[in-house]
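Each residue of the sequence shown is one higher than the one before, counting from 1067 in this note's numbering.
Structure record follows, encoded as structure tokens.
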Amino acid sequence: MKALAAGIGVVFLSPILIAGTGMMLASAADAVQSGGSFSNCLNDIDTDEIAEQVSKILNGASGRDVHVEGLDLPAEQVPNAQTIVAAGLSLDVPTKGQIIALATAIQESRLRNLNYGDRDSLGLFQQRPSQGWGSAQQIRDPVYASEQFYKHLLKVNGWQQMPVTQAAQAVQKSGLPDAYAQWENLATALQGAIAKTFPGRDKDADQGKNPPTGTTGCAPGQDGSGFGRIPEGSVPKGYAIPKNADPKARKAIEWAMHQLGTLYQWGGSCTNAHGPDPMGRCDCSSLMQQAYAHAGVTLTRTTYTQVNEGKAVSPAQLKPGDLIFSRGTAARPEHVGMYMGEGLVIEAPRTTKPVRITPIKDWTILAARRVL
């Protein structure tokens, strides 16, 4: 499965954070001119400290008391960095490619979704409509802009063997071809911190690194793997809704579990999943909607809108009842499930499959939302 998840928000927080003009304090050209002042002080950055500060932002901190070395507006910049990483993961771009993309966006826009730039340059990567990057509206979509950068990067012959600045320049064709190098350490630290928030994305064989740990926020065996193979439509032996679950989340999970074994129906309302009318059965988003309706919580109907419900939470900090999103992109996820605790998720997966419980280790999470 190539597509993520990413959010973000991940994503994560809201999958697309489009910066308002009020926060855009300097032109892209000004940002480039001032960039050299960071080139020395970012050579020995504290990656553990950056990871800690990034985690605070991704867990909902305002940014007022958060300091990320090299970023002056972390509450705005970190979510944009998360979108870039999520897009890279969704396209199966190796870690180095994600670092190149982050270094490029730091240089070009300081990780801000600018609505201006040199000539007609726009967005995170200062891409130009006149140069075939897409319409102005498309370029201002951080997911689209990130995907376009990656698609151009992957066409560069031998990019994985190039230094970061050379690979970035091959895509950007900047007037300052060596400027990207100064951001490599910061980009590397950001990528590492953000990638850890995506369960199932802890393997990095392409970089020859040891797999990081703790990406799901679960101890070993708490990612659902301890239940072994779960027959479709059944409750794994030994599972119980956690005692500390929110009462409304408990009701929603219980109601969803009563739909186990009923067949998926795209566009189904989930109002009578056990009845004879196929359109009364559940698809992924109607299962979430109706489960929470029976707990007294109103949700919208589709994954595209549910990904904006409630508040963003880190996939590493899931609680029973949280909605998790996968497939597609962080901006437009194509699938949603409900976290049940104990490393398990309940979902209506796809045509010909029943409502079922799956381990979270099998999910690539793009975003997580807490609706209570």
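Glycine included, each C-beta is placed from N, C-alpha and C at the ideal position.
Per-residue DSSP class, three states only, for Ser1300: As a working note, residue 1300 is residue 234 in the sequence shown. In the structure shown, Ser1300 sits in coil (DSSP, three-state: anything other than H, G, I, E or B).
Residues of its chain near Val1437, where Cβ-Cβ distance is below 7 Å and the 5 sequence neighbours each way are ignored: Along the sequence shown, read from residue 1 onward, the residue named residue 1437 stands at position 371. Closer than 7 Å at Cβ, skipping near neighbours: Tyr1358, Val1363, Leu1365, Glu1375, Gly1376, Leu1389.
In DSSP terms, what Phe1391 is bridged to: Here residue 1391 refers to the residue found at position 325 of the sequence shown. Per DSSP, Val1402, Ala1433.
Nearest-angstrom Cβ-Cβ length linking Ser1352 and Ser1335, presumed shorter than 8 Å: Counted from its first residue, the sequence shown places residue 1352 at position 286. Counted from its first residue, the sequence shown places residue 1335 at position 269. In this structure Ser1352 is in contact with Ser1335, their Cβ atoms being roughly 6 Å apart against a cut-off of 8 Å.
Rounded separation between Val1421 and Phe1215 - CA only: Taking the first residue of the sequence shown as 1, we reach residue 1421 at position 355. Taking the first residue of the sequence shown as 1, we reach residue 1215 at position 149. C-alpha separation (whole angstroms): 37 Å.
Rounded C-alpha distance that separates Gly1241 from Pro1308: For the purposes of this step, residue 1241 is identified with residue 175 of the sequence shown, where counting begins at 1. For the purposes of this step, residue 1308 is identified with residue 242 of the sequence shown, where counting begins at 1. The straight-line gap from Cα to Cα measures roughly 57 Å.
Reference Gly1394; option with closest CA among Ile1412, Val1379, Thr1369, Val1411: For the purposes of this step, residue 1394 is taken as residue 328 along the sequence shown, with counting starting at 1. Looking at the Cα atoms, Thr1369 is the closest of the given residues.
Stretch pair the stretch 1313 to 1330 + the stretch 1404 to 1422: three plus CB contacts closer than 8 Å: In this structure the stretch 1313 to 1330 touches the stretch 1404 to 1422; the number of beta carbon pairs closer than 8 Å is three or more.
For Val1134, the first and last residue of its enclosing beta strand (DSSP E): Translated into positions along the sequence shown, residue 1134 becomes position 68. First-last for Val1134: undefined, no H or E at that position.
Beta bridge counterpart(s) of Asn1378 as assigned by DSSP: Counting from one through the sequence shown, the residue named residue 1378 turns up at place 312. Going by the sequence as given, residue 1378 is Ala instead of Asn. Paired residue(s): Arg1435.
Residues near Ala1285 in its chain [Cβ-Cβ closer than 7 Å; skip 5 each side]: In the sequence shown, the residue the question calls residue 1285 occupies position 219. Reliability of the predicted coordinates at Ala1285 is poor, the pLDDT of 39 falling under 50, and the value obtained from them is presented with this limitation in mind. Cβ within range, chain order: n/a, list empty.
Bridge partners - Pro1420, DSSP secondary structure assignment: Reading the sequence shown from its first residue, position 354 is the one you call residue 1420. Pro1420 is bridged to Leu1329.
CA nearest to the CA of Thr1417, picked from Ala1339, Leu1329, Val1301: The residue given as residue 1417 occupies position 351 in the sequence shown. Closest in alpha carbon position to Thr1417, among Ala1339, Leu1329, Val1301, is Leu1329.
Residues bridged to Val1373 (per DSSP): If you number the sequence shown from 1, residue 1373 lands on position 307. DSSP lists no partner for Val1373.
Entirely enclosed alpha helix (DSSP H) segments - the stretch 1157 to 1221, minimum 4 residues: 1161 to 1175, 1202 to 1205, 1208 to 1220
Inter-stretch contact (C-beta, 8 Å, three-pair minimum) for the stretch 1195 to 1212 and the stretch 1145 to 1157: Output reads yes: the stretch 1145 to 1157 touches the stretch 1195 to 1212.
Beta-carbon separation (whole angstroms), Ile1165 vs Gly1189, contact threshold 8 Å: Here residue 1165 refers to the residue found at position 99 when the sequence shown is read from its first residue. Here residue 1189 refers to the residue found at position 123 when the sequence shown is read from its first residue. Between Gly1189 and Ile1165 the Cβ distance is about 19 Å, and since that is not below 8 Å, they are no contact.
Length of the line joining the Cα atoms of Pro1425 and Pro1415: Within the sequence shown, numbered from 1, the residue matching residue 1425 stands at position 359. Within the sequence shown, numbered from 1, the residue matching residue 1415 stands at position 349. Cα to Cα, the separation comes out at about 13 Å.
Three-way DSSP call (helix, strand, coil) for Leu1139 in this model: On the sequence shown, residue 1139 is found 73 positions in, with the first residue counted as 1. It is coil, neither helix nor strand.
8 Å Cβ shell around Trp1225 - same chain, five flanking residues per side excluded: Indexing the sequence shown from 1 puts residue 1225 at position 159. The beta carbon of Trp1225 is closer than 8 Å to those of Gly1163, Ile1166, Leu1219, Ala1233, Ala1236 in its chain, skipping five residues each way along the sequence.
Length of the line joining the Cα atoms of Gln1383 and Val1132: Taking the sequence shown and counting its residues from 1, the one referred to as residue 1383 is at position 317. Taking the sequence shown and counting its residues from 1, the one referred to as residue 1132 is at position 66. The straight-line gap from Cα to Cα measures roughly 19 Å.
Coarse secondary structure for Val1237, derived from DSSP in three states: As a working mapping, residue 1237 is identified with position 171 in the sequence shown. Residue state, collapsed to three classes: helix.
Residues near Ile1260 in its chain [Cβ-Cβ closer than 7 Å; skip 5 each side]: Here residue 1260 refers to the residue found at position 194 of the sequence shown. Taken in chain order, the residues that qualify are Val1120, Ala1147, Gln1148, Val1151.
Cβ-based neighbour list, Ala1361, same chain, cut-off 6 Å, excluding 5 preceding and 5 following: Sequence index remark: in the sequence shown, residue 1361 carries index 295 (1-based). Around Ala1361: Lys1314, Lys1317, Ala1318.
Simplified DSSP assignment, three categories, for Val1151: Working through the sequence shown from its first residue, we reach residue 1151 at position 85. Note: Val1151 maps to helix in three-state DSSP.
Alpha carbon of Phe1293 to alpha carbon of Leu1410, nearest angstrom: One-based indexing of the sequence shown puts residue 1293 at position 227. One-based indexing of the sequence shown puts residue 1410 at position 344. If you take the alpha carbons of Phe1293 and Leu1410, they lie about 9 Å apart.
Through-space distance from Asp1343 to Val1230, alpha-carbon basis: Residue numbering aside, residue 1230 sits at position 164 when the sequence shown is read from its first letter. Residue numbering aside, residue 1343 sits at position 277 when the sequence shown is read from its first letter. Cα to Cα, the separation comes out at about 57 Å.
For Glu1250, the three-state DSSP class (helix, strand or coil): Within the sequence shown, numbered from 1, the residue matching residue 1250 stands at position 184. Glu1250 falls in the helix class under three-state DSSP.
C-alpha gap between Gly1129 and Ala1433, whole angstroms: One-based indexing of the sequence shown puts residue 1129 at position 63. One-based indexing of the sequence shown puts residue 1433 at position 367. Rounded to the nearest angstrom, the two C-alpha atoms are 20 Å apart.
Alpha-carbon to alpha-carbon, Ile1172 and Phe1264: The residue you call residue 1264 lines up with position 198 of the sequence shown. The residue you call residue 1172 lines up with position 106 of the sequence shown. Spanning the two alpha carbons is a distance of roughly 22 Å.
Residues of its chain near Gln1356, where Cβ-Cβ distance is below 6 Å and the 5 sequence neighbours each way are ignored: For the purposes of this step, residue 1356 is taken as residue 290 along the sequence shown, with counting starting at 1. The residues are Cys1336.
Proximity winner among Ala1169, Gln1203, Gln1197, relative to Glu1243 (alpha-carbon distances): Looking up residue 1243 in the sequence shown gives position 177. Rather than Glu, the amino acid found at residue 1243 in this sequence is Pro. Checked all of Ala1169, Gln1203, Gln1197; the closest Cα to Pro1243 is Ala1169.
Close Cβ partners of Asp1112 (< 8 Å) along its chain, the five nearest in sequence each way excluded: Translated into positions along the sequence shown, residue 1112 becomes position 46. So the list reads Glu1135, once near-sequence residues are dropped.
Local conformation of Val1144 per DSSP, three classes: Position 78 of the sequence shown, counted from the first residue, corresponds to residue 1144. Helix at Val1144.
DSSP-derived helix/strand/coil call for Cys1348: As a position in the sequence shown, residue 1348 is number 282, starting the count at 1. Residue state, collapsed to three classes: strand.
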